[in-house]
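A.B. asks:
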Amino acid sequence: MPRVVEKITPEQRELWGRHTVTLSHNLPSMELFSDESLARLIETVDPKCMIMHTMADDITTWKVVERGGVPGERVLEAIRNGRIWINMVDIQEADPRFRELLDQLYSEWETDIPGSDYFKRKIGLLISSPNAKVFYHCDPAGQALWQVRGRKRIWLYPNTEPFLRPAELENVIRSVSSEEISYERWYDEYAEVIDLEPGQALHWALNGPHRIENHDEINVSLTSEHYDPAIRRNWAMNYGNGVLRSLGWTPRSRATDGAAFWAKVGITALWRKTMQEKQSYKRIPEYVPDPEAPNGVRPITPAAISS
Ligand SMILES: [Fe+2]
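The sequence shown lines up with residues 121 to 427 when you count with the working numbering.
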């Protein structure tokens, strides 16, 4: 496969993981992202790996949508006319072409960044409606957003207080809340605002809060995420601090080495084994796609749920 993403410069290597880096790539030229290909993916990807949401103008949270047997082309039409957001998570597991793409992207980065060691690498495919929005949130892993079709505006905020509060990040990392965190309008004055075009990718500071608004056109994007040893230690520190906080302690250290840190690694492993299942956030579908319905979705009736 020819090179997918432009070479990372020495300056970008210094910024990597700490600040925003913009890169260009050739994903828009791939058949993998045509309407035909997207429609087949919508039909074949395991529904457990296809997270679908809707957000109407009058609701302030995402509502969960399930495909409910609607053909891929109709789902795309509903996305084009409506207000729907699909995230196919771990798409590299569902389709070997995405596995190959993932391996290619990371082999290019590992070549460009000597000493890098990425694991738990994954990519997600996002297909979203014109003007769809993603609320202010943060994610646990190192990540990049790759724009393939359509344009979107992204606001990137500093990964420090007050934009990112430790207790809220800990909850996101422990999956006890969805990824949304406290947001104030005035934060926007401190954001980097980028209009992302097809063929551009962004990699930003670890856990950096962000929010997104699509321009008035359907959007196709990829997300990539990864861990490396430093990100993994950050994750374990936040997880351990979150467990301590839930037990009534106020964690005093955010160090990622030393005795207190390694104690948190132990707490994290034990807690995940025993408690996580009970506390994790659950998603319940309320709508199915329908290109003729307002916002491209129709409510699931109680009868349809029980059948
Ligand atoms: Fe995100």
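Backbone N, C-alpha and C define an ideal beta-carbon position, used for all residues, glycine too.
1) CA-CA distance, R285 and P191?
2) Quick check on S426: does DSSP put it in helix, strand or coil?
3) Quick one: give me the first and last residue of the beta strand (DSSP E) that S366 is part of.
4) Taking 8 Å as the threshold (C-beta atoms), are V185 and V340 in contact?
5) Could you give the distance in angstroms between the alpha-carbon of K101 and the alpha-carbon of Q267?
6) Among P148, P130, E288 and H139, which has the Cα closest to the Cα of E312?
7) For N354, which option in L390, D259 and E163 has the closest C-alpha, if you only look at C-alpha atoms?
8) Within the same chain, show all residues whose beta-carbon is closer than 7 Å to that of G113, passing over the 5 residues directly before and after it, in chain order.
9) With 16 as the cutoff for other CB atoms within 10 Å, does E220 come out buried or exposed?
10) Please determine whether the Cβ atom of H139 lies at a distance below 7 Å from any heavy atom of ligand 1.
11) Is D259 near ligand 3, going by C-beta to nearest heavy atom under 7 Å?
12) Check V165 in the structure and name its three-state DSSP category.
13) If you reduce the DSSP assignment to three classes, tell me which class R372 lands in.
14) For S427, which residues in the same chain have their Cβ closer than 6 Å to its Cβ, ignoring the five residues on either side in sequence?
15) So, with DSSP's three-state summary, where would you put D308?
16) Per DSSP, what kind of secondary structure is P318 in: helix, strand or coil?
17) Tell whether a beta-carbon distance below 8 Å holds between I243 and L342.
18) Taking the alpha carbon of I420 as the reference point, which residue from P148, V165, K183 and W324 has its own alpha carbon closest?
C.D. replies: The short version:
1) Note on geometry: alpha-carbon atoms of R285 and P191 lie some 42 Å from one another.
2) Unreliable positioning characterises S426 in this predicted model, as indicated by a pLDDT of 44, which lies under 50. A coordinate reading is not provided.
3) Note, S366: premise wrong, no beta strand (DSSP E); alpha helix (DSSP H) at P349 to S366.
4) Their beta carbons are not under 8 Å apart, which means V340 does not touch V185 by this criterion.
5) Within the shown structure, residues of the chain are numbered from 121 to 427, placing residue 101 beyond reach of any answer.
6) Nearest of P148, P130, E288 and H139 to E312, Cα basis: H139.
7) Taking only the C-alpha atoms, the option nearest N354 is D259.
8) What the structure shows of the chain is the stretch from 121 to 427, and residue 113 is not part of that stretch, so it cannot be assessed.
9) With fewer than 16 other Cβ atoms within 10 Å, it is exposed.
10) Shortest gap from the CB of H139 to any heavy atom of ligand 1: 7 Å or more.
11) This structure does not include ligand 3; its bound ligands are ligand 1.
12) Under the three-state reduction of DSSP output, V165 falls in the coil class, being neither helix nor strand.
13) Here R372 sits in coil by DSSP.
14) With a pLDDT of 41 at S427, under the threshold of 50, the predicted position of this residue should be treated as unreliable, and no value is reported.
15) Three-state result, D308: helix.
16) Here P318 sits in coil by DSSP.
17) Yes, the Cβ-Cβ distance between I243 and L342 is below 8 Å.
18) Comparing Cα-Cα distances from I420 to each of P148, V165, K183 and W324, the minimum goes to K183.
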